[in-house]
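Here is the structure we will look at.
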Amino acid sequence: MRVLVCGGAGYIGSHACTVLASRGHDLLVADSFVNSSPCVFDRLQRIIGRPVPFRRADLRVRAQVEALFDGPRFDAVVHFAALKAVGESCERPLDYFDNNIAGTIHLLQAMQDAGVKRLVFSSSATVYGDPACVPVREDAALCSTNPYGRTKLVMEQLIGDLCEADPAFRAANLRYFNPVGAHPSGLIGEDPGGVPNNLMPYISQVAVGRRDRLQVFGGDWPTADGTGVRDYLHVMDLARAHADAIDYLLREDRSLTVNLGTGRGVSVLELVHAFAKASGREVPCEIVARRPGDVAEVYADPSLAQRLLGWRAELGIEAMCRDAWRWQSMNPEGYGGSERLEDASRTSDELALASA
Ligand SMILES: NC(=O)c1ccc[n+]([C@@H]2O[C@H](COP(=O)([O-])OP(=O)(O)OC[C@H]3O[C@@H](n4cnc5c(N)ncnc54)[C@H](O)[C@@H]3O)[C@@H](O)[C@H]2O)c1
């Protein structure tokens, strides 16, 4: 299959590229590098054993999206490209709607024009807001508590409406819970710019000495140890689900919406202890007040993904911590600040020459 991977330079997209390539798919990555760096392609080449072609393209610019479809026809598109920080989305809602929704509209229009009818979409457990009960099933009520979540809901609706309007269009809506960890090689991983918004990269940066201590928001939640409980899943398990979803769309010729999680809730303190054990480092923490908008526990019922895709999470919390730590300790500064800026202005050809 020839697959267009939008946002494939980012955290989850780059891991998905390793799995898609290992299943023999031909890839073209399109990314604006708003939250990633072209350095990832050197690393991907080392993992995959051949270069991954990529183009700088911003989905907000319709002409750039159309140009992606100029070459040989794609069999499927995987759409990771979005801004994803909840806090930032409250400060810059228009940027989030512009980037996530306008970008998705341009992509769907270009797919329609090119006759490409298979889409795998990165949705999120955030579409459940504060769920009434756990584990959360796909038929739980949808609601959003912040602008980022609202963009995910609108994008799901847009894609659903297109599936209704075009009987040949098929989409897989994948609702991720909390992806963590890294490729087992330690060559690629999560590299948040600035202060991490997510727990695992924060813990890793404390363990590696980049930050003093972890602040745990709330120690009085109605959970076993009083800290919040989430469903963490290994990014390589998540990556595999994208390849399974492409297979499903082509094999079954039906659309689907599934949760991707382990089905097991893990508390903040459990994750901290597992990470300390895996890394052999201390992770100092302090319990502070709850954050507005947080909830006690959210974890998935992932049984529909198992039934439809034959997918289930295989890697446990030890592997998640071990691989996150390998990535962090091999790359204490992530992909590297100066490299990131320098490479962001270079083209795929220049980078290929530089890495030759
Ligand atoms: N990481 C999580 O915890 C999580 C959880 C649920 C859902 N998701 C969703 O999964 C997807 C991937 O997340 P991630 O963690 O890999 O994020 P990421 O920021 O690492 O990757 C997103 C990629 O998309 C690119 N991008 C953003 N806007 C673009 C645009 N307009 N045009 C072209 N490229 C653009 C970024 O440069 C980046 O490389 C996102 O849609 C996110 O909302 C992530």
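Going by the numbering used here, the letters in the sequence shown line up with residues 6 to 361, in that order.
Note that the Cβ used here is the ideal one computed from N, Cα and C, for glycine as well.
Here the structure is a predicted model, which is why all the values come from computation and not from measurement.
{"query": "Delimiting residues of the beta strand (DSSP E) encompassing F222", "result": "219 to 222"}
{"query": "Among A26, V24, A35, the one whose alpha carbon lies nearest that of A14", "result": "A35"}
{"query": "Cβ contact (3+ pairs, closer than 8 Å) linking the region 296 to 316 and the region 232 to 246", "result": "yes"}
{"query": "Beta carbon proximity, F38 to chain B, threshold 8 Å", "result": "The question asks about chain B, but that chain is absent: this structure has only one protein chain."}
{"query": "Between the CA atoms of M6 and Q117 - distance to the nearest angstrom", "result": "18 Å"}
{"query": "F174, DSSP secondary structure in three states", "result": "coil"}
{"query": "Residues near R155 in its chain [Cβ-Cβ closer than 6 Å; skip 5 each side]", "result": "S149"}
{"query": "Anticipated Cβ contact below 8 Å, A26 with L33, distance rounded", "result": "Their Cβ separation, rounded to whole angstroms, is 12 Å, which puts A26 and L33 out of contact at 8 Å."}
{"query": "Anticipated Cβ contact below 8 Å, E291 with Q220, distance rounded", "result": "6 Å"}
{"query": "Between the CA atoms of R67 and L261 - distance to the nearest angstrom", "result": "27 Å"}
{"query": "Within 8 Å, strictly: CB atoms of N202 and G298", "result": "no"}
{"query": "Distance between beta carbons of A250 and L163, contact taken as under 8 Å", "result": "Going by Cβ atoms, the distance from L163 to A250 rounds to 18 Å, so no, they are not a contact pair."}
{"query": "Secondary structure, beta strand (DSSP E): runs of 3+ residues fully inside the region 65 to 145", "result": "81 to 84, 123 to 129"}
{"query": "Own chain partners of V57 with C-beta closer than 8 Å, once the 5 adjacent residues on each side are dropped", "result": "G13, C22, A26, L32, V34, F46, L49, Q50"}
{"query": "CA nearest to the CA of S127, picked from D258, A137, Y153", "result": "Y153"}
{"query": "In DSSP terms, what V277 is bridged to", "result": "None, per the DSSP bridge assignment."}
{"query": "DSSP three-state assignment for Y3, whether helix, strand or coil", "result": "Lying outside 6 to 361, the shown extent of the chain, residue 3 is not represented and no answer is given."}
{"query": "Under 8 Å between C-beta atoms of A305 and V91", "result": "no"}
{"query": "Straight-line gap, R437 to G341 (C-alpha atoms, nearest Å)", "result": "Examination of residue 437 is not possible in this model, given that the chain is present from 6 through 361 alone."}
{"query": "First through last residue of the alpha helix (DSSP H) which encompasses C22", "result": "16 to 27"}
{"query": "Alpha-carbon to alpha-carbon, I17 and E1", "result": "What the structure shows of the chain is the stretch from 6 to 361, and residue 1 is not part of that stretch, so it cannot be assessed."}
{"query": "Neighbourhood of E319 by C-beta, 7 Å cutoff - its chain only, sequence neighbours within 5 removed", "result": "D242"}
{"query": "Beta-carbon spacing of A62, V70 below 8 Å", "result": "yes"}
{"query": "Alpha helix (DSSP H) runs contained entirely in the region 276 to 335, provided each spans 4 or more residues", "result": "308 to 314, 322 to 335"}
{"query": "Buried or exposed by the 16-neighbour rule on C-beta atoms within 10 Å, applied to T352", "result": "Note that T352 has pLDDT 42, beneath the 50 cutoff, so the model's placement of it is unreliable and the number below is only indicative. Its Cβ having fewer than 16 others within 10 Å, T352 is exposed."}
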